[in-house]
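Asker:
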Amino acid sequence: MKIIENLTVDGLVYTDENGENKKIDFKQCHEHWVQYRRRTENLTDEMTDEIRKKDFCIGQRDFTASPPYIEFFTKPFTRIEFEISADEKDLQIELSRWKREIVSAGWTTIDLS
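Numbering (the UniProt record's numbering) for the sequence shown: 1 to 113.
#1: Over the uninterrupted alpha helix (DSSP H) stretch that includes E94, give me the two end residues.
#2: Output yes or no for whether 9 Å exceeds the beta carbon distance between E71 and R61.
#3: Comparing alpha-carbon positions, which option in T8, M1, I4 lies nearest W107?
#4: Take K23 as the anchor and find which of S66, T64, I3, D87 has the nearest alpha-carbon.
#5: Classify I24 as helix, strand or coil using the three-state DSSP reduction.
#6: Measure the C-alpha to C-alpha separation of T40 and A105 and round it to an integer number of angstroms.
#7: Determine the direct distance from the alpha carbon of P68 to that of I58, and round the result to whole angstroms.
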């Protein structure tokens with residue numbers, strides 16, 4: 001299971017299943033999202049530049065999934081799953097915290113719930 005260690009405006013650091021620290025670059029995730037939209041929506045260069053300035057999506061999340069997760073638009077995608085604890089309230093607090101920290105850093109994620 002991946003565990004988020006730190007989140008900043010630039011990205012986050014997590015510990016992977018092997019105990020190694022890895023970094024996710026939010027600007028890179030954002031650019032992958034912009035390029036995805038460009039391809040799927042047949043956007044012009046001008047439209048792509050506008051999206052780049054207005055849409056700050058870096059991933060997607062599903063807090064109703066089992067287990068709940070946040071998935072970042074790295075290549076390949078990086079999914080961080082959250083352990084379902086006996087105390088549902090603790091889990092909801094943790095999920096809300098990470099969502100809030102991403103938004104506070106200036107980014108968004110798509111809600112798949």
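The beta carbon of each residue, even a glycine, is placed where N, CA and C say it ideally should be.
Answerer: So, to answer that:
#1: Boundaries of the alpha helix (DSSP H) harbouring E94: 88 to 104, taken from the DSSP string.
#2: The answer is yes: Cβ separation under 9 Å.
#3: Ranking T8, M1, I4 by Cα distance to W107 puts T8 first.
#4: Comparing Cα-Cα distances from K23 to each of S66, T64, I3, D87, the minimum goes to I3.
#5: In this structure, I24 counts as strand in the three-state DSSP scheme.
#6: Rounded to whole angstroms, the gap between the alpha carbons of T40 and A105 is 27 Å.
#7: P68 has its alpha-carbon roughly 17 Å from the corresponding atom of I58.
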